[in-house]
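Residue numbers for the sequence shown, in UniProt numbering: 1 to 400.
Below you'll find the structure, written out as structure tokens, and then a few comments.
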Amino acid sequence: MKEENKQTFVLLHVDRYNSFIQPELKSLLDSAQGKYLIHKTSIEREIKYSIVTACPSTIEHVLEKSMLISEAITMLNYDLLEKRNNDTNESTNMNIIEKLNRSLNADVIANINSKIEGNYKIDCICSSKPQAIEYLIKKICVNYRVDLNNPASTISVIEDDEYCMVGMLYKKSNRKELLKYSVKNRKFIGNTSMDNEISFIICNMAGVSEKTILWDCFAGSGSILLSGALCGAMVAGTDINDKQFRGREVAHTNSRIKTQLPNTNIYSNFDMYNIIDKVMMIGVHDIFSECLFKENTVDVILCDPPYGERETIKKKTTEANEYVEGNDKYLIPSVPFFGRVIEIGRSVLKSKGRIGIFMPHTTGTTPKLREIKGFTQVAQAEQYLNSLYSRTFFLLEINK
């Protein structure tokens, strides 16, 4: 089988969940099992992107699953820009035409011409778009017309501080299709159902696939389980409160309220999307009681423990916080849940199994994990919720 040639791509990121962008991308690249190199990721400015060298099949895998990438562009001037970056005499206050002049040469123009396969359009993410488009049209020498509605090829220009990245649109991501699984489109909606974007993102970060057995030990209305099943995993869910799993017995007096409707339950969404066969079990279980699973049977534990102080766990809270640094009022009540998930994970996780868990905390005060024997922290990402509190997702891998 002929080995694929690596290419350099610009991956455009959506302006959502910025702290999750890099860990999701790295995990998806790793799961493709091909060699890759991330040259740069920029998420602090308005235009968010990563430059990655990889085989097209690797990028296809990323585009199929990512919630935080909108499209991939085959970059045609990366080598030129690498040389230009070594030139310290260039001004940093250039207009768009000066940046394009710096970013193009005869070889790059010839490469663009060779990639155009019919009528084309020019898609610019830059200042002074009309100037940039006019400049490029004059440079391009092909016997095709500009077609804004149905182009066969799309030339992409992304402006940065000192240059422009120029290439051809490779492919849009599958993000829009994945957004169709939005919570608002489901038959069964819990009172606190996790946003489908976040549940897909954490599944991607944890490497959930058709080979995964996924357990959510605080399943609630099943949002994480649903995304896991849609990723191909076999899923199991438990929760201490079975009311989370079913709709109300009596309809809401306000017809606009769509949560926990009568005659719906946690299985309704799996039926809706024809993935009921992915559900291993869903049932009532107190995480602090004896574990339901045998040793070495679970690939991934993903969960979002309940927030706030509960009488049922006060006795399990000790002054010695073994795993987490921090003592704010939102964090402390969640510590027993975190500790219990770690202890269960030591037993039930397979080799290289992973735990992904959210922990709430005061906004602006991010908790830090202590060294946890037997585990390696793979990633963490903070999600802002409101001015009072936020939550951070911690991803750990067991060393066995």
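Beta carbons: idealized from backbone N, C-alpha and C, even for Gly.
It should be emphasised that the depicted structure is a prediction, and the values quoted were computed from it without experimental measurement.
Problem - Contact check, Ser153 vs Glu117, beta carbons under 8 Å - result: yes
Practice task
Keeping to the same chain, check which residues put their C-beta closer than 6 Å to that of Val378; ignore five residues upstream and five downstream.
Solution key: Leu395, Glu397
Problem - Selected residue, minimal CA-CA separation from Thr365, among Gln383, Asn399, Gly356, Ala32 - result: Gln383
Problem - Beta-carbon proximity of Gly356 to Leu292, cut-off 8 Å - result: no
Exercise for the section: Using only alpha-carbon positions, find the residue among His252, Gly222, Ile372 that is nearest to Lys278. Expected result: Gly222
Practice task
Please name the residue in Glu44, Leu11, Ser50, Gln7 whose C-alpha comes closest to that of Gly34.
Solution key: Gln7
Handout entry: Alpha-carbon spacing of Ser347 relative to Val341, whole angstroms
Key = 10 Å
Practice task
Indicate whether Leu148 and Ile73 have their beta-carbon atoms separated by less than 8 Å.
Solution key: no
Practice task
May I ask you to report which of helix, strand or coil DSSP gives Asp328?
Solution key: coil
Handout entry: Gly58 versus Ile202 - alpha carbon distance
Key = The displayed chain sequence assigns Thr, not Gly, to residue 58. When rounded, the distance between both Cα atoms is 19 Å.
Handout entry: As assigned by DSSP and simplified to three states, the class of Gly228
Key = helix
Practice task
For the alpha helix (DSSP H) containing Gln131, list its first residue and its last residue.
Solution key: 129-139
Handout entry: Glu382, enclosing beta strand (DSSP E) - first and last residue
Key = 375-384
Handout entry: Beta-carbon proximity check, Lys258 vs Asn296, cutoff 8 Å
Key = no
Practice task
Quick one: using the 10 Å Cβ neighbour count with 16 as the cut-off for buried, is Gly167 buried or exposed?
Solution key: buried
Problem - Beta carbon of Asn95 nearer than 8 Å to that of Cys141 - result: no
Practice task
Kindly indicate which three-state DSSP category Gly247 falls into: helix, strand or coil?
Solution key: coil
Problem - The alpha helix (DSSP H) enclosing Lys65, as first and last residue numbers - result: 56-65
Handout entry: Buried/exposed call for Met281, threshold 16 Cβ in 10 Å
Key = exposed
Handout entry: Residues sharing a beta bridge with Asp216, DSSP
Key = Gly237
Handout entry: Cβ distance (whole Å) where Ile276 is taken to contact Phe188 below 8 Å
Key = Actually they are not in contact, since the Cβ atoms of Ile276 and Phe188 sit about 13 Å apart, beyond 8 Å.
Exercise for the section: Kindly give me the distance between the Cβ atoms of Lys99 and Tyr163, rounded to whole angstroms, as I take these residues to be in contact under 8 Å. Expected result: 6 Å
Problem - Nearest residue (CA-CA) to Lys180, options Ile155, Phe245, Ser156, Met272 - result: Met272
Practice task
Find the nearest neighbour of Asn204 within the set Val300, Ser390, Asn254, judged by alpha-carbon distance.
Solution key: Val300
Problem - Burial state of His361 (16 or more Cβ within 10 Å) - result: buried
Problem - Through-space distance from Gln131 to Asn111, alpha-carbon basis - result: 22 Å
Problem - Which residues DSSP lists as bridging Glu98, in chain order - result: BP columns for Glu98 are empty, so no partner.
Problem - Integer Cβ distance of Ile158 from Ile47, believed to fall under 8 Å - result: 6 Å
Problem - Given Asp15 as reference, the closest of Lys40, Ala54, Asn5, Leu68 once Cα atoms are compared - result: Leu68
Problem - Gly356 - DSSP class collapsed to helix/strand/coil - result: strand
Exercise for the section: My understanding is that Lys65 touches Ser50, with C-beta atoms under 8 Å, so please give their C-beta distance in whole angstroms. Expected result: About 15 Å separates the two Cβ atoms, so there is no contact after all.
Exercise for the section: Name the two residues that bound the continuous alpha helix (DSSP H) containing residue 401. Expected result: Given a span of 1 to 400 for the chain in the structure shown, any question on residue 401 remains unanswerable.
Exercise for the section: Give a yes or no on whether the C-beta atoms belonging to Ile213 and Val298 are separated by under 8 Å. Expected result: yes
Handout entry: Residue burial classification, Lys315 (beta-carbon count within 10 angstroms, cutoff 16)
Key = Bear in mind that the predicted position of Lys315 carries a pLDDT of just 44, short of 50, making it unreliable; the figure below should be weighed with that in mind. Classification of Lys315: exposed, given that the 10 Å Cβ count is below 16.
Handout entry: Residue from Thr363, Glu371, Lys368, Arg370 with nearest C-alpha to Asn386
Key = Thr363
Exercise for the section: Throw me the rounded Cβ distance for the Ser70 and Arg175 pair, which I believe falls under 8 Å. Expected result: 6 Å
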